[in-house]
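Residue numbers (this note's numbering), protein chains in the order written: chain A, 1106 to 1424; chain B, 867 to 1129. Virtual Cβ for every residue (Gly too), placed ideally from N, Cα, C. In this text, all values refer to a predicted model and were calculated from it rather than measured experimentally. Take a look at the structure set out below.
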Amino acid sequence: MATPDELFCWEGDFGLPSVSTECLLVLAYAQFAGAPLKVHKISNPWRSPSGSLPALRTNQNETLTRPADIIIHLRKQKFNADYDLSAKEGADSLAFISLMEEKLVPALIYTFWVEPKNYVELTRSWYSEHMPFPLSLFLPGRMQRHQLDKLRLLREDASLEAGDELEKELYRDAMECINLLSQRLGSQKFFFGDSPSSLDAYVFGHLAPLLKSRLPNAKLQQHLKSVENLTHFCSDILLLYFPRDARENSNQKPSSAAEAGGDGDEVPYKRRKQLLSALFALGAMLSYAFLTGIVSIQHQQGALLEPPHHNPEQDEEDG
Amino acid sequence: MNVCVFIPTAAEPWPENATLYQPLKEDQILLSDCASSLAVQAYLRMCGLPVQVVCRANAEYMSPSGKIPFIHVGNQVVSELGPIVQFTKAKGHSLSDGLDDVQRAEMKAYMELVNNMLLTAELFIQWCDDATAAEISRPRYSSPYSWPLNNILAYQKQWEVRRKMNAIGWGGKTLEQVYEDVSQCCQALSQRLGTQPYFFSKQPTELDALVFGHLFTIITTRLTSGELAERIKGFSNLLSFCRRIEQTYFEDKTKNTKLSKFV
């Protein structure tokens, strides 16, 4: 108990403490239960003890990766957010968590990883911008293949691809699931009265990224935004339990002028990058030429190549 | 198959010759398929819709979704409990109309609990426990086929299920952990049922049919170890729930597999 357990998770953005559903629900559970974790928010999954995120390194040096295992571990340490639940409420939690896993998770995988516009413009660009250099080249693609495989296995369709029909089917299930959750929540603050439980952590973890991400194709997001009690539920949890992340986002939003300024900054930054890489490429080519002795040949051919260079110009003048 | 697409299906009454297809009952069907098939049969009986059960060795390949069971009604083929419930609803037969919004949400959630934990646990024990896979699942699954097709199909199926288990995070589980999950699921169902005759008071719903299909099949099926059935027998209200549905809806037909023999 002397040294706290260490939790490794994806760093946050869009006003969320973490961008990943699984990290988010573990963070939320730990907050609800008041577990003193040492949280490392990182953007390099290879720095996690298991090679994937989230991961919990306990003080006995065990590593847990599945959110359910992490929550069970915390519960054993007497950090139990479900302590006040009756047996029936515990049963309801289990049922609604299953409902989300069966009906919502496939649609979320589709929205973030399979739908081409969202994947290219949001998911891939976010991960490749945040990962360190060599990883950013191949890890987002590998994560996508992994998620696509998972969706194919969940749907038991080995040749599944992005498409309108699949999207319609997945979103229909997901919207139904969102509606059922909304009906269960009703006008309560949390699913079981006034204090949050593990079910609240699961719902928050699954819905908050969908609510807050800037998705180019936002069909499912639009539906969630139209369900008032769930949107309030998510923003209340953000304000109450992750005030720092929520504030960072609200600081960003009003200063749209600063955002425009940021865009202005980004362009020369990009140009400088382009210029630098062009210079680097040129330097590499020239040094290769020097080293292999092509340069001397180039010198001799320089004179020979000049006439053909002039020829087209002459032709034009003639014409 | 006669095609009469001009008549809207919703208006058509339930025909007398509706059929339900499943694999061969004696030599082929596996625990998970048997449970799903029994759930659909229980559901149709609760709705008062007659259906004739037909066993076919290639039922899995006849099904539009590749899943067992499926029903053939008029000119339509529908597989699995969820779509079948919607299909009967379109024909004006529903068991969950009397529920309010919260109850309906809870019913759907508990149905997913059964699919997510009980069904997955059945698949895990069938295909990922080496003893069960070698002694029961592979020989039964491939019984209609001759060598070498039987081995190819059985191992292919096993490989598919194992990949799926890995994808949903069950790959690293031990048998003991799976039994623990089953206990947890039954604990939840038992809590929810309490002392009521059915999950939502006096009338059965599709949830009752689904729970009955799985629990009854697990209790009455012999596996390499009786542990799975033992886990369920610990919950007396679930047992009497199974017995109640069996007596109310199956009494005439299933005299030879009476639950009371096994408990």
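Considering only the alpha carbon of each residue, which of B:D1074, B:I1084, B:R1110 lies closest to K974 of chain B?
B:D1074
Is T1126 of chain A closer than 7 Å to G1246 of chain A when the C-beta atoms are compared?
Judged by their CB atoms, G1246 of chain A and T1126 of chain A are not nearer to each other than the 7 Å cut-off.
Quick check: L1265 of chain A and R1257 of chain A, are their CB atoms within less than 7 Å of each other?
yes
Among the residues of its own chain, which have a CB less than 6 Å from the CB of Y1053 of chain A, if the five just before and after it don't count?
Nothing can be reported for residue 1053 of chain A: it is not among the residues displayed for chain A, which extend from 1106 to 1424.
On the premise that L1081 of chain B lies in contact with C1108 of chain B, defined as a C-beta separation below 8 Å, what is that separation, rounded to the nearest angstrom?
5 Å
S1012 of chain B beta carbon less than 7 Å from that of A1020 of chain B
no
Between F1238 of chain A and chain B, is any beta-carbon pair separated by less than 7 Å?
no
Residue span of the alpha helix (DSSP H) that contains W993 of chain B, given as start and end
986–994
Please report whether the beta-carbon of F1065 of chain B lies at a distance below 7 Å from any beta-carbon of chain A.
So, not an interface residue.
Reference E1167 of chain A; option with closest CA among A:L1158, A:H1178, A:A1173:
Nearest C-alpha to E1167 of chain A: A:H1178.
Alpha helix (DSSP H) runs wholly inside the stretch 1138–1189 of chain A, at least 4 long, in chain order
Counting only unbroken stretches of 4 or more residues, the alpha helix (DSSP H) elements lying wholly within the stretch 1138–1189 of chain A are 1172–1181, in sequence order.
Rounded to the nearest angstrom, what separates Q1326 of chain A and Y1393 of chain A at their Cα positions?
52 Å
Under the three-state reduction of DSSP, which class applies to E1421 of chain A: helix, strand or coil?
Confidence at E1421 of chain A is low in this model, with a pLDDT of 47, below 50, so the placement of that residue is unreliable and no value is reported for it.
In whole angstroms, what is the alpha-carbon distance linking S1303 of chain A and C1128 of chain A?
Looking at the two C-alpha atoms, the distance is approximately 14 Å.
Taking 7 Å as the CB-CB limit, is R1029 of chain B close to chain A?
yes
Report buried or exposed for D1350 of chain A, applying the criterion of at least 16 other Cβ atoms within 10 angstroms of its Cβ.
buried
Simplified DSSP assignment, three categories, for G1060 of chain B:
coil
What does a CB cutoff of less than 8 Å around M1248 of chain A pick up in its chain, not counting 5 residues either side in sequence?
W1218, Y1232
Would you please verify whether the beta carbon of Y976 of chain B is less than 7 Å from any beta carbon of chain A?
yes
Sequence-distant residues of the same chain with beta carbon closer than 7 Å to G1117 of chain A, five excluded per side:
S1123, V1124, K1146, D1350
Going by the beta-carbon positions, is the gap between P1321 of chain A and L1259 of chain A smaller than 7 Å?
no
Taking all protein chains shown into account, do 16 or more other C-beta atoms lie within 10 angstroms of the C-beta of M1031 of chain B, making it buried, or fewer, making it exposed?
buried
Extent of the continuous alpha helix (DSSP H) to which S902 of chain B belongs
897–913
C-alpha gap between F1395 of chain A and F1385 of chain A, whole angstroms
15 Å
E1127 of chain A at chain B interface by Cβ criterion, 7 Å
no
Between the stretch 954–978 of chain B and chain A, which residues of the former have a C-beta closer than 7 Å to a C-beta of the latter?
D967, V968, A971, E972, K974, A975, Y976, E978
Rounded to whole angstroms, how far is the Cβ of F1078 of chain B from the Cβ of T1071 of chain B, which I believe are closer than 8 Å?
Contact doesn't hold; Cβ gap of about 11 Å is too wide.
Helix, strand or coil for G1369 of chain A, going by three-state DSSP, please let me know.
Bear in mind that a pLDDT of 37 at G1369 of chain A, under 50, signals an unreliable position, so the number given afterwards is only what the model happens to contain. Helix, per DSSP.
Which of helix, strand or coil does DSSP assign to E1111 of chain A?
strand
Ordered along the chain, which non-local residues of its own chain (more than five positions away) have a Cβ less than 8 Å from that of T1087 of chain B?
L897, C900, A1095
Which residues of chain B have a Cβ atom closer than 7 Å to the Cβ of E1207 of chain A, listed in chain order?
E978, N981, N982
Enclosing beta strand (DSSP E) for V1124 of chain A [first to last residue]:
Here V1124 of chain A belongs to no beta strand (DSSP E), and DSSP marks it neither H nor E.
Closer than 7 Å, CB to CB, is R1058 of chain B near chain A or not?
yes
Would L1204 of chain A and C1282 of chain A qualify as a contact pair, given that the criterion is a beta-carbon distance under 7 Å?
Yes.
Given 8 Å, three or more beta-carbon pairs between the stretch 919–933 of chain B and the stretch 880–891 of chain B:
yes
Between L915 of chain B and the ligand ADP, is the CB less than 6 Å from at least one heavy atom?
Absence of the ligand ADP from the depicted structure is noted, as is the absence of any ligand whatsoever, leaving it without description.
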